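All remarks here apply to the structure that follows.
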Amino acid sequence: MRYILIFCFITLASAAAFGQFVQETSRFGKTFNQIDPAIKGVNLSSDYEDILAKLGKPGRVVNVDEIDQCTDSNVTVLEYDGLEIEIHADKDKKNATITSLVVSSPKWVLNSGVKIGQTRKKIESIYSGSNAPTDDPNELTFEVLEKYGPGGVDFLFENGKLVRIELKMTTC
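Counting in the working numbering, the sequence shown runs from 425 upward without gaps.
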């Protein structure tokens with residue numbers, strides 16, 4: 425029992441050191457890492473007011489002229505310099521859900537320390553373990569923690585350097 429407690433403590437301490445929680449899940453006989461991406465404390469459970477409080481006012485707010493059929497909510501894109509956050513919410517932006525997050529500037533650092541310009545090897549060392557399978561050497565894909573619903577994070581590389589982070593959540 426003492427060894428189990430020590431193992432749990434080390435695991436939690438490691439996750440705290442990276443600023444996010446990495447959890448393994450197993451499907452079809454393969455183990456995958458699930459990650460909890462966050463920027464300046466904004467994660468997938470953050471609401472509209474929380475986003476504004478932690479990231480400040482966006483440079484541009486685009487109210488997309490469509491209703492998401494799966495969530496029956498309005499689609500809004502918050503545009504910051506090098507960061508786009510898509511939310512689905514009611515007209516008052518209450519009950520908002522982050523459905524997409526795209527990072528393209530080293531200005532925005534994930535809580536894990538990942539930022540644009542890092543090498544693939546560095547990203548793999550931060551999120552050690554298995555990632556979702558991909559044949560593309562310019563892409564690493566991880567699943568998002570199941571508590572948020574189905575989704576994934578793609579780390580896109582050019583010439584071995586991270587150039588874009590794309591988080592996409594499934595709304596249906």
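Just so it is clear, CB atoms sit at the ideal spot from N, CA and C, and this is done for glycine as well. These numbers were taken from a predicted model, which means no experiment stands behind them.
Asked, Found
"Just list the residues that DSSP pairs Glu-590 with in beta bridges.", "Val-526, Asp-578"
"Roughly how far, in whole angstroms, is the beta-carbon of Ile-509 from the beta-carbon of Leu-534, given that I think they are within contact range, below 8 Å?", "With 8 Å as the limit, Ile-509 and Leu-534 do not qualify as a contact, their Cβ atoms being about 13 Å apart."
"I'd like the span of the beta strand (DSSP E) that includes Ala-513, first residue to last.", "507-513"
"Of all the options Thr-500, Asp-460, Glu-567, Val-587, which has the alpha carbon lying nearest to the alpha carbon of Val-527?", "Val-587"
"Could you please give the first and the last residue of the uninterrupted alpha helix (DSSP H) stretch that includes Ile-475?", "472-479"
"Would you identify the three-state DSSP class for Ser-497, choosing helix, strand or coil?", "strand"
"Would you tell me roughly how many angstroms separate the C-alpha atoms of Ala-437 and Glu-563, rounded to the nearest one?", "Because Ala-437 sits at a pLDDT of 35, beneath the cut-off of 50, its placement in the model cannot be relied upon, and the following sentence gives the value as read from the coordinates. Roughly 28 Å between the two C-alpha positions."
"Output the distance between the C-alpha atoms of Val-485 and Leu-476, rounded to the nearest integer angstrom.", "12 Å"
"DSSP state of Lys-546, grouped into three classes?", "helix"
"Since Glu-490 sits in a beta bridge, which residues does DSSP pair it with?", "Answer is none; Glu-490 lacks a bridge partner."
"Exposed or buried, which one is Gly-506 when buried takes at least 16 other CB atoms within 10 Å?", "exposed"
"Once DSSP output is grouped into helix, strand and coil, what is the label at Lys-454?", "Here the model assigns Lys-454 a pLDDT of 45, short of 50, so the residue's position is not dependable and the matter cannot be decided."
"What is the C-beta distance between Leu-468 and Ile-522, in whole angstroms, given that I count them as a contact (C-beta under 8 Å)?", "5 Å"
"Measure the CB-CB distance between Pro-482 and Glu-503 and report whether it falls below 8 Å.", "yes"
"Taking buried to mean at least 16 other C-beta atoms within 10 Å of its own C-beta, is Asn-519 buried or exposed?", "exposed"
"Give me the residue from Asp-560, Asp-578, Ala-513 with the minimum Cα distance to Glu-539.", "Note on identity: in this sequence residue 539 is Lys, with Glu being the wrong assignment. Closest option to Lys-539, Cα to Cα, is Asp-578."
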